[in-house]
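Trainee: Taking our numbering, the leading residue of the sequence shown gets 584, the next gets one more, and so forth. My structure is below; once you've seen it, I'll send some questions.
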Amino acid sequence: MSAGELQPRWGQPLTGIISLTFFTMVAWVLWFLLSDPRGPVGWFPYPFVMYLAVMILVGIWQHMLLGDWPFQKIAPPARGLILTIVNLVIVWFTIDVIFYRILGAGFNFLSYYGMEAAGQKPVFAQVAVVGFVLIGFYTYSVSTIFFGKWPIQPSGLKNPETGFAEFAWGSLLTLVCYSFLIVPFFGSIFKEAALAPAWWSSIGGTSHVHWVFGWWEWAIVILFMTANVWRMKPWSAMSLPQPWKGLVSVILSFVGAFALMYLCKAIIPLWIPEEVLHHLKEADPATYNKFFWIHSAEIAGFTLIPFLIWHHYFDDAVFGLDKDSWAAFLIRTIGVLFFAAISYYIFYFMNFGHWGLGNHHMTDLGHRFAHGESLIWNFWWIIPLLWNEWFFHKWPFYIHKEVEA
Numbered sequence: 584m585s586a587g588e589l590q591p592r593w594g595q596p597l598t599g600i601i602s603l604t605f606f607t608m609v610a611w612v613l614w615f616l617l618s619d620p621r622g623p624v625g626w627f628p629y630p631f632v633m634y635l636a637v638m639i640l641v642g643i644w645q646h647m648l649l650g651d652w653p654f655q656k657i658a659p660p661a662r663g664l665i666l667t668i669v670n671l672v673i674v675w676f677t678i679d680v681i682f683y684r685i686l687g688a689g690f691n692f693l694s695y696y697g698m699e700a701a702g703q704k705p706v707f708a709q710v711a712v713v714g715f716v717l718i719g720f721y722t723y724s725v726s727t728i729f730f731g732k733w734p735i736q737p738s739g740l741k742n743p744e745t746g747f748a749e750f751a752w753g754s755l756l757t758l759v760c761y762s763f764l765i766v767p768f769f770g771s772i773f774k775e776a777a778l779a780p781a782w783w784s785s786i787g788g789t790s791h792v793h794w795v796f797g798w799w800e801w802a803i804v805i806l807f808m809t810a811n812v813w814r815m816k817p818w819s820a821m822s823l824p825q826p827w828k829g830l831v832s833v834i835l836s837f838v839g840a841f842a843l844m845y846l847c848k849a850i851i852p853l854w855i856p857e858e859v860l861h862h863l864k865e866a867d868p869a870t871y872n873k874f875f876w877i878h879s880a881e882i883a884g885f886t887l888i889p890f891l892i893w894h895h896y897f898d899d900a901v902f903g904l905d906k907d908s909w910a911a912f913l914i915r916t917i918g919v920l921f922f923a924a925i926s927y928y929i930f931y932f933m934n935f936g937h938w939g940l941g942n943h944h945m946t947d948l949g950h951r952f953a954h955g956e957s958l959i960w961n962f963w964w965i966i967p968l969l970w971n972e973w974f975f976h977k978w979p980f981y982i983h984k985e986v987e988a
């Protein structure tokens with residue numbers, strides 16, 4: 584006898600429903616304990632948003648790059664608990680040592696302490712770290728998803744060598760993109776510094792980094808939908824060798840993300856009342872100009888739970904269709920957008936952001952849309968799901984079905 588594929592413990596769709604309910608409740612309770620202004624800690628939005636962002640990035644390093652090394656042979660749930668503790672330690676070290684004390688020694692905007700000493704708002708350092716993480720979600724993952732781990736593989740290397748090589752390659756890509764897409768925002772903020780100002784000001788109508796967030800978040804969604812509910816479509820239709828297949832996929836995904844961001848900008852006024860948009864514009868024209876870009880990123884964020892839960896805990900099932908068919912691809916895509924819209928409606932129009940998450944300024948409809956806070960919740964909501972899938976190997980929701988060797 585040998586261990587076969589993972590099987591849903593209670594069949595489908597019951598396993599998916601139980602899993603989604605569990606992950607939602609865990610995320611909600613942890614939000615109350617750590618972030619909710621009504622809770623005991625009240626870390627909202629900073630430093631909570633910074634820590635949760637770095638948690639996911641470090642999780643990508645641990646799981647996607649290093650394959651859970653050196654704990655991959657430990658059975659769950661012990662493996663998951665160990666990897667979670669290691670994750671939290673690395674998160675603290677990455678923020679407080681790597682960013683604040685090493686990189687921040689040369690770039691003040693990367694150091695909470697450096698910004699404080701310079702008489703600037705320390706929160707800018709946390710924005711800088713979150714910006715690095717946002718870029719890293721794509722650049723550390725793209726070699727695995729679009730490039731099939733090229734240029735590290737194929738080779739004779741095994742983990743941890745391959746993981747560290749991928750980490751080095753991903754870090755180079757991240758620093759290049761970060762310098763191009765995030766640093767210019769700080770050049771616009773600190774005009775006396777020798778930093779180039781935001782080059783996208785004439786394109787997006789604002790120098791704020793939210794324009795980058797709107798574009799990059801849609802690129803992240805396209806990248807991870809490829810690996811999840813799209814089951815590598817449509818890029819799998821290309822027969823190009825690497826790295827050309829990866830490069831074409833990256834270019835097309837960026838174009839698609841750019842188009843989706845501007846589509847969101849065009850259609851957002853269809854459901855947000857005109858008086859709300861007028862209020863935003865009259866209250867602060869600068870906020871109004873950047874609002875559409877961060878709200879585009881928020882709309883992208885609402886797709887995260889639908890495509891992750893559908894892939895990992897509902898097993899991509901589509902009414903008995905072949906999971907790899909184009910019909911199933913289309914149905915899952917439409918379904919993800921449908922469930923994202925429902926989640927959006929609950930958060931904003933049923934005001935879950937206020938009564939559920941304690942965001943006190945969301946009592947009035949006119950104040951709910953300008954701050955990008957649903958994106959924070961959606962990233963927090965996916966953490967229990969990702970941890971269970973990455974570190975706990977879906978325990979206890981899935982079991983290994985024994986099959987004949």
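Each residue gets a CB set at the ideal place from its N, CA and C atoms; glycine is no exception.
Considering only their Cβ atoms, is the gap separating A610 from I966 smaller than 8 angstroms?
Mentor: yes
Trainee: DSSP three-state label for H976, please.
Mentor: coil
Trainee: Output the distance between the C-alpha atoms of P591 and T598, rounded to the nearest integer angstrom.
Mentor: 6 angstroms
Trainee: How many angstroms separate the CA atom of I850 from the CA atom of G770?
Mentor: Cα-Cα distance, rounded: 31 angstroms.
Trainee: In angstroms with no decimal places, state the Cα-to-Cα distance between D905 and L635.
Mentor: 36 angstroms
Trainee: For T757, collect the residues of the same chain with a Cβ closer than 6 angstroms to its Cβ; drop the 5 residues on either side in sequence, then sort them by chain order.
Mentor: I718, G719 and T722
Trainee: By the DSSP assignment, the alpha helix (DSSP H) with V709 in it spans what residues?
Mentor: In the sequence under discussion, the amino acid at residue 709 is Gln, which differs from the Val named in the question. V706 to T722 is the extent of the alpha helix (DSSP H) around Q709.
Trainee: Determine the closest residue to I678 out of N961, F631 and L649, with distance taken between C-alpha atoms.
Mentor: F631
Trainee: Can you list the alpha helix (DSSP H) stretches of 4 or more residues lying completely in the stretch 838-907, in chain order?
Mentor: Segments of the alpha helix (DSSP H) lying fully in the stretch 838-907: 857-866, 868-884 and 887-895.
Trainee: Please state if the CB of G650 and the CB of G746 are separated by a distance shorter than 8 angstroms.
Mentor: yes
Trainee: What is the DSSP secondary structure of E749, counted as helix, strand or coil?
Mentor: E749 falls in the helix class under three-state DSSP.
Trainee: Report, in whole angstroms, the separation of the C-beta atoms of A802 and F837, which I expect to be a contact under 8 angstroms.
Mentor: Confirmed, about 6 angstroms.
Trainee: Assign Y981 to one of three DSSP states: helix, strand, or coil.
Mentor: strand
Trainee: Indicate whether L648 and F750 have their beta-carbon atoms separated by less than 8 angstroms.
Mentor: yes
Trainee: Taking only the alpha-carbon atoms, compute the straight-line gap between W813 and Q825 and give it to the nearest angstrom.
Mentor: 20 angstroms
Trainee: Apart from the five residues on each side of it in sequence, which residues of its chain come closer than 6 angstroms, Cβ to Cβ, to P889?
Mentor: V919, F922 and A923
Trainee: Mind reading off the beta-carbon distance from S724 to L806? Whole number of angstroms is fine, and I expect it under 8 angstroms.
Mentor: About 6 angstroms; that satisfies the 8 angstroms criterion.
Trainee: Kindly confirm or deny that the stretch 948-957 and the stretch 862-870 touch, where touching means at least three C-beta pairs closer than 8 angstroms.
Mentor: Segments in contact, yes.
Trainee: Is the Cβ-Cβ distance between W614 and W963 less than 8 angstroms?
Mentor: yes
Trainee: What do you get for G625, buried or exposed, if any count of 16 or more other CB atoms within 10 angstroms of its CB means buried?
Mentor: exposed
Trainee: Look at the Cβ atom of S790, then the Cβ atom of A777, and state whether they are nearer than 8 angstroms.
Mentor: Not in contact: S790 and A777 (Cβ atoms no closer than 8 angstroms).
Trainee: Do the CB positions of C798 and F729 come within less than 8 angstroms of each other?
Mentor: Checking the sequence shown, residue 798 turns out to be Trp, not Cys. For W798 and F729, no; Cβs fall outside 8 angstroms.
Trainee: Can you tell which of Y845, H983 and W644 has its C-alpha closest to the C-alpha of S754?
Mentor: W644
Trainee: With burial defined as no fewer than 16 other Cβ atoms inside 10 Å of the residue's Cβ, what is the status of V1018: buried or exposed?
Mentor: With the chain represented from 584 up to 988, any question about residue 1018 goes unanswered, as that position is not in the structure.
Trainee: Grab the span of the alpha helix (DSSP H) containing P628 for me, first residue to last.
Mentor: Per DSSP, P628 belongs to no alpha helix (DSSP H) and is neither H nor E.
Trainee: Look at S602 and Y896 and say whether their C-beta atoms are less than 8 angstroms apart.
Mentor: In this structure, S602 sits near Y896, with a CB-CB distance shorter than 8 angstroms.
Trainee: With H, G and I counted as helix, E and B as strand and the rest as coil, what does DSSP make of E588?
Mentor: strand
Trainee: Quick one: Cα of V566 to Cα of L860, how far?
Mentor: An answer regarding residue 566 cannot be provided, because it is not within the stretch 584 to 988 covered by the chain.
Trainee: Buried or exposed: which applies to A586, given that a residue is buried once 16 or more other Cβ atoms fall within 10 Å of its Cβ?
Mentor: Confidence in A586 is poor, its pLDDT being 46 and thus under 50, which makes the residue's placement too unreliable to answer from.
Trainee: Please name the residue, chosen from I925, I681, V901 and K741, that lies closest to G884 on a Cα-to-Cα basis.
Mentor: I925
Trainee: Around the Cβ of L969, are there at least 16 other Cβ atoms within 10 angstroms (buried) or fewer (exposed)?
Mentor: buried
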